[in-house]
Each structure stands twice: as C-alpha cells, then as structure tokens.
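A quick write-up on the structure given underneath.
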Amino acid sequence: MVYIAQISGGIPAVRSLQFKDDHHAPEDMPEALNESLNDLQLDYLDLYLIHWPFRVKKGTKHSPENYIAPDIPATWGAMEKLYDAGKARAVGVSNFSSKKLGDLLAVARVPPAVDQVECHPGWQQTKLHNFCQSAGVHLTVNRFYYAYTGLIVTPTCVAISIHVSHDLGVSDLTKGLLATWFTWYNLDEC
Numbered sequence: 001m002v003y004i005a006q007i008s009g010g011i012p013a014v015r016s017l018q019f020k021d022d023h024h025a026p027e028d029m030p031e032a033l034n035e036s037l038n039d040l041q042l043d044y045l046d047l048y049l050i051h052w053p054f055r056v057k058k059g060t061k062h063s064p065e066n067y068i069a070p071d072i073p074a075t076w077g078a079m080e081k082l083y084d085a086g087k088a089r090a091v092g093v094s095n096f097s098s099k100k101l102g103d104l105l106a107v108a109r110v111p112p113a114v115d116q117v118e119c120h121p122g123w124q125q126t127k128l129h130n131f132c133q134s135a136g137v138h139l140t141v142n143r144f145y146y147a148y149t150g151l152i153v154t155p156t157c158v159a160i161s162i163h164v165s166h167d168l169g170v171s172d173l174t175k176g177l178l179a180t181w182f183t184w185y186n187l188d189e190c
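The sequence shown begins at 1 in UniProt numbering and counts up one residue at a time.
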C-alpha cells in the first residue's frame, strides 16, 4: 500500500509503503522492497512498514488457515538492514498492540518510528496511545474511521459536533468532531 504525500512543487511524493503480508520472512524483504522501489521508480522510501504482526503463507490469500506467526525479531532485523542500506529512511509497524510493540522495542536496535493503527472515537486505543507517547513511537491513524462515522450520531455527539464544526469552520459535522478528536489526541491520519 502506498501513501501519497501532499503535492510539493507539483510532484507527488511517496510517503510510505507496506510490504505484502506474505513477505514478512526476513529473507523475502530485500527482494520485496527492491521490487516496490523499481515499480515506483525510486531509490528509497521515506517510511517502510510491517503491515501486521502476523504473516500469510507465501502465495496464499488472507484467511485464518493461512496465517502464521512471523519471527518479529528476525523480520525487524531485516528492516534495520534496509534502513542501514538507505533503502528506507524510517521503518515502522502497522497494527501492533502495545504488548507487541513493547516486545519489538526490547530487541530493536533501530526503534520503529511509527505504529499505524485503526483508531477513532469508537475505538480510542488509549493504552496504545499512552505507550507510544512514552516510548517515542509516533502513532499514526489510518482512514478506517470513515467506516465508523455512524458511531458518532448520538444526540450528545451531534451537539458537540455542531459547536466544534462552527468553531473550526468545518461544514461536515462528522469531520468537525473527528478533527477535534484528532487534535485533542495529537494524532495524524494517513
């Protein structure tokens, strides 16, 4: 998955890339990253992420019977080598809990710069947010919250959203409430 940055000088920039879920084996990572770099016609990525704290059997699709536990320390070691080689300016994870992130930090030479997770007013992940703040890992929120906008249509939330939307100059009530929530928790979205 590629995230495109805001256009600077008319040129879109690749922000980050998550490698395929069946390429979590340490020996697969250099080839997977080089393939992506060739496809994108780039020499390096600003951010390279482990997408899940599990992997899918090579050549299979997402299905519980195809899930296997990766060797996270070995996989992270391969990420660190890609970082050291200048292929990725930063490395991070996606969908890691505070427990899994703590386990990784205990063995990491290069700490993850980012943990990208699902987070929204209906699932705030306060424990993970606090852990990331204390560990110096930037918590980035993906766009899953758009699917959960129905969670914030209670009368209280609507009243707050009307007030906030007016103050922020945002016309969409849901976006107003979400903007306030992201600001309050000092979160970025991607």
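In this text, a Cβ means the ideal position worked out from N, Cα and C, and glycines have one as well.
In the three-state DSSP reduction, Gly92 falls in the strand class (E or B). For Gln116 against Gly92, the beta-carbon gap comes to about 7 angstroms, under 8 angstroms, which counts as contact.
Of the candidates Arg55, Lys81, Val141, Val141 places its Cα closest to the Cα of Val114.
A straight-line Cα-Cα distance of about 9 angstroms links Gly86 and Asp43.
Residue pairing of Arg55 in beta bridges, as defined by DSSP: Ile68. Annotated three-state conformation of Leu82 is helix, per DSSP.
Non-local C-beta neighbours of Phe96 in its own chain, meaning closer than 6 angstroms and more than five positions away in sequence, comprise Pro53, Asp115, ordered along the chain. The three-state reading of DSSP puts Leu45 in strand, counting E and B together.
Burial state of Ala78 is buried, judged by a 10 Å Cβ sphere holding 16 or more other Cβ atoms. For Tyr48, the closest of Val107, Pro73, Pro30 by C-alpha to C-alpha distance is Pro30.
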